[in-house]
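Let me begin by presenting the structure, written as structure tokens, before commenting on it.
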């Protein structure tokens, strides 16, 4: 399966969400999704186990 890798700064992500999404519900959903993705990437990068 092909994977796409790209790097964005969190400020860029926040700016994209702020200016591209018009309603608050969608902003909250996207913010939650990106936060979870960043959390998962951080955990994978430091190779932490659950509750570590």
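Residue numbers (the numbering used here): 1 to 52. For each residue, glycine too, the CB sits at the ideal point set by N, CA and C.
Query: Is the stretch 30-48 touching the stretch 7-17 in the sense that three or more CB pairs, one from each, lie closer than 8 Å?; Result: yes
Query: From which residue to which residue does the alpha helix (DSSP H) around residue 24 run?; Result: 24-46
Query: Look at the Cβ atom of residue 27, then the Cβ atom of residue 16, and state whether they are nearer than 8 Å.; Result: no
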